[in-house]
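Residue numbers (the working numbering), protein chains in the order written: chain U, 644 to 737; chain X, 4 to 487.
We treat Cβ as the ideally placed atom computed from N, Cα and C, and that holds for glycine.
Predicted, not measured: the structure shown is a model, and the values here were computed from it.
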């Protein structure tokens, strides 16, 4: 649990960790029912649209330059802007 | 005619006619809906933000078209509400989360842009479960929504604010988002038509992602005709969403009143097992009889993987969510909780900004994707998803549509299910299947329980078969599905 929270960059209180532990145990037990199914010869569904449905879709759109003047609006909504940058705490310690 | 004259029963069609005949102006209509919201929203909590400046500017554009004798676009003057998980330029979009409490998107979702281009007046943003994770709208950081039909009960979720707004007459139509049932289930619990289109039919550009392989935008309205009218506007290829399909959009309105005689409807036995409220069962069975009385031929089907859908869904949806929600880190937008280091800031921001359900799902999804567990969970889920999709493909070789209940239970009491996440997940048992398969589905009103709580009938169609789904829903509504 502690390792998963670390991977998820999530600070949890000890109480939260305990509550979530119990709930995830219950949910994971429920999920185990998938093991009743033999899926050895089943392909994973990695794409939702069928091949036919996406047939008309251009794989890549035309590579053309389009003006995108949103930097000012985006930075205006940032927690700690320092245009044209976002400021963050120190990344590498001494 | 004063804007009040039609009571709660304005439709896109009646609005167009009234505008063209100059019986009402778009500005008057907008004012009328804002006055309803002002009166009812403090109680219902359906709206999180209002956008009167934008709405009145749009109403004035519509009124100028009327004054100039110009043709009116299909949704001219129609007051609409937008779920808060859908981006609206200049209008706060929180996704029901504290982490986006002050977030103002710099652009519009494609669906929003298309609605406005079609003349719709966007009144504001509606409440929802945080990041659309929930089945009751009780996971909103801004308080639960009340069901307008039964105020001590939930409106369903996660698009509960959109459903409640339309059901209460605070908007003529609304957009919601559906990942596992989040449009259809609140539609059923509030007693209005609600549609999840085929995956790829409506652009997801600007939909704030929860689970990208499942998320869809779709409409709520008070009639199937209006549902079709909104669908016609928002459907179609968008170069900003590479998963949107280039398949031409069918003429939804044109086929709406075609006879349904001879259509084959499949009734999957797996959707009528244990756990269904007896009153829901009785209404849905009566609904199937009503369709048969219209000449539909009902066949019993087997969809053997139905029972595995919830487990599959909660692996795939949470895995995708854990990845999508990684972007909320306090750097570029939303909440930041200061920390000594970058990592410390990420962890504190996310720990404080996300609510309990979102944390639970991020944890489950991170676990399902982590080294050593990926194959047992995520890959297994993806494989079972193939089997569930195959159940649908095989069914549609035999039938034109699949008819089921939308929700096993009618609207439950506020607080009744919040303590047990797994019980809440099981509320989506009949809707997640279609989400996983990528097919379209609608919930259409199917009478009320003896307690007066709405029941929804769900109709699934094959991929890109929206026209047939809408046609059946319309025939059902017209024949008296509402009154069963």
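Which stretch, first to last residue, makes up the beta strand (DSSP E) that contains residue i?
i	result
residue 53 of chain X	50-53
residue 181 of chain X	176-181
residue 223 of chain X	219-224
Could you tell me which residues DSSP pairs with residue i in its beta bridges?
i	result
residue 271 of chain X	X:304
residue 203 of chain X	None, per the DSSP bridge assignment.
residue 291 of chain X	According to DSSP, residue 291 of chain X bridges with nothing at all.
residue 461 of chain X	X:407 and X:446
residue 198 of chain X	X:445
residue 725 of chain U	U:728
residue 451 of chain X	X:457
residue 210 of chain X	X:89
Name, please, each residue of chain U whose Cβ falls closer than 8 angstroms to the Cβ of residue i.
i	result
residue 325 of chain X	651
residue 286 of chain X	The contacting residues do not exist; residue 286 of chain X stays about 29 angstroms from chain U at best.
residue 36 of chain X	Within chain U, no residue comes near residue 36 of chain X; the closest Cβ sits about 28 angstroms away, beyond 8 angstroms.
residue 467 of chain X	696
residue 203 of chain X	691, 692, 696 and 697
residue 385 of chain X	687, 688 and 689
residue 362 of chain X	653, 655, 659 and 663
residue 333 of chain X	722
Starting from residue i, follow the alpha helix (DSSP H) in both directions and report where the run begins and ends.
i	result
residue 164 of chain X	163-170
residue 674 of chain U	657-674
residue 18 of chain X	15-23
residue 370 of chain X	359-372
residue 326 of chain X	312-327
residue 191 of chain X	187-193
residue 30 of chain X	29-47
residue 237 of chain X	227-237
residue 402 of chain X	Residue 402 of chain X -> no alpha helix (DSSP H), and no H or E assigned at all.
residue 348 of chain X	345-356
residue 479 of chain X	469-482
residue 439 of chain X	435-440
residue 428 of chain X	424-428
Chain U partners of residue i, CB-CB under 9 angstroms?
i	result
residue 353 of chain X	651, 652, 653 and 654
residue 90 of chain X	The premise fails here: residue 90 of chain X is roughly 12 angstroms from chain U at the closest Cβ pair, so nothing lies under 9 angstroms.
residue 255 of chain X	None at all; the shortest Cβ gap to chain U is about 18 angstroms.
residue 100 of chain X	Here the premise fails: no neighbours, minimum Cβ distance about 14 angstroms.
residue 216 of chain X	688, 689, 690 and 691
Quick one: list the residues of chain X neighbouring residue i, beta-carbon separation under 7 angstroms, in chain order.
i	result
residue 716 of chain U	109
residue 673 of chain U	314 and 425
residue 648 of chain U	366
residue 676 of chain U	311 and 314
residue 669 of chain U	425
Anything in chain U within Cβ reach of residue i, meaning under 7 angstroms, just list it in chain order.
i	result
residue 434 of chain X	Residues of chain U passing the Cβ test: none, with the nearest at roughly 16 angstroms.
residue 350 of chain X	652, 653 and 654
residue 343 of chain X	732
residue 358 of chain X	Result: empty, since nearest Cβ-Cβ is about 11 angstroms, beyond 7 angstroms.
residue 246 of chain X	692
Determine the chain X residues that contact residue i at a beta-carbon separation under 8 angstroms, and present them in chain order.
i	result
residue 723 of chain U	339
residue 713 of chain U	109 and 110
Using only the heavy atoms of the ligand MN, determine whether one of them is closer than 7 angstroms to the beta carbon of residue i.
i	result
residue 288 of chain X	For the structure depicted, the ligand MN is absent and the ligand set is empty, with no information on it obtainable.
### Query
Is there contact between the region 117-124 of chain X and the region 217-226 of chain X, where contact requires at least three CB pairs shorter than 8 angstroms?
Result no; under three Cβ-Cβ pairs closer than 8 angstroms.
### Contained beta strand (DSSP E) runs [length at least 3] in the region 61-142 of chain X, N- to C-terminal order
Along the region 61-142 of chain X, the beta strand (DSSP E) occurs as fully enclosed runs of 3 or more residues at 82-86 and 124-129, listed in sequence order.
### Query
Do the region 22-30 of chain X and the region 65-75 of chain X touch if we need at least three Cβ pairs shorter than 8 angstroms?
With a cut-off of 8 angstroms, the region 65-75 of chain X and the region 22-30 of chain X count as touching, because enough Cβ pairs lie within range.
### Query
Between the region 327-345 of chain X and the region 297-311 of chain X, do at least 3 Cβ pairs fall closer than 8 angstroms?
They do not touch, by the three-pair rule.
### Query
Taking three-plus beta-carbon pairs below 8 angstroms as touching, is the region 192-206 of chain X in contact with the region 446-466 of chain X?
Judged by pairs of C-beta atoms under 8 angstroms, the region 192-206 of chain X touches the region 446-466 of chain X, as three or more such pairs exist.
### Task
Say whether the region 678-692 of chain U touches the region 197-209 of chain X, bearing in mind that this needs 3 or more beta-carbon pairs closer than 8 angstroms, one atom from each stretch.
With a cut-off of 8 angstroms, the region 197-209 of chain X and the region 678-692 of chain U count as touching, because enough Cβ pairs lie within range.
#### Entry: Three CB pairs or more closer than 8 angstroms across the region 243-256 of chain X and the region 376-393 of chain X
Contact annotation: the region 243-256 of chain X does not touch the region 376-393 of chain X, with fewer than three C-beta pairs closer than 8 angstroms.
### Query
Taking one C-beta from the region 430-450 of chain X and one from the region 177-190 of chain X each time, how about it: are there three or more such pairs within less than 8 angstroms?
Result yes; three or more Cβ-Cβ pairs closer than 8 angstroms.
### Message
Whether or not the region 237-248 of chain X and the region 260-276 of chain X are in contact is what I'm after, with contact meaning three or more pairs of Cβ atoms, one per stretch, closer than 8 angstroms; do they touch?
### Response
Under the three-pair Cβ rule at 8 angstroms, the region 260-276 of chain X does not count as touching the region 237-248 of chain X.
### Touching by the beta-carbon criterion (3+ pairs, under 8 angstroms), the region 42-53 of chain X and the region 122-138 of chain X
With the cut-off at 8 angstroms, the region 42-53 of chain X and the region 122-138 of chain X touch.
### Message
With a threshold of 8 angstroms, are at least 3 pairs of Cβ atoms found where one atom belongs to the region 367-376 of chain X and the other to the region 399-415 of chain X?
### Response
Cβ pair count under 8 angstroms is below three, so no.
### Query
Should the region 673-681 of chain U be called in touch with the region 313-323 of chain X, which here means at least 3 C-beta pairs below 8 angstroms?
Because the criterion of three Cβ pairs below 8 angstroms is met, the region 673-681 of chain U and the region 313-323 of chain X touch.
### Query
How about the region 695-707 of chain U and the region 98-116 of chain X: do they share at least three Cβ pairs that are nearer than 8 angstroms?
Short answer: they don't touch.
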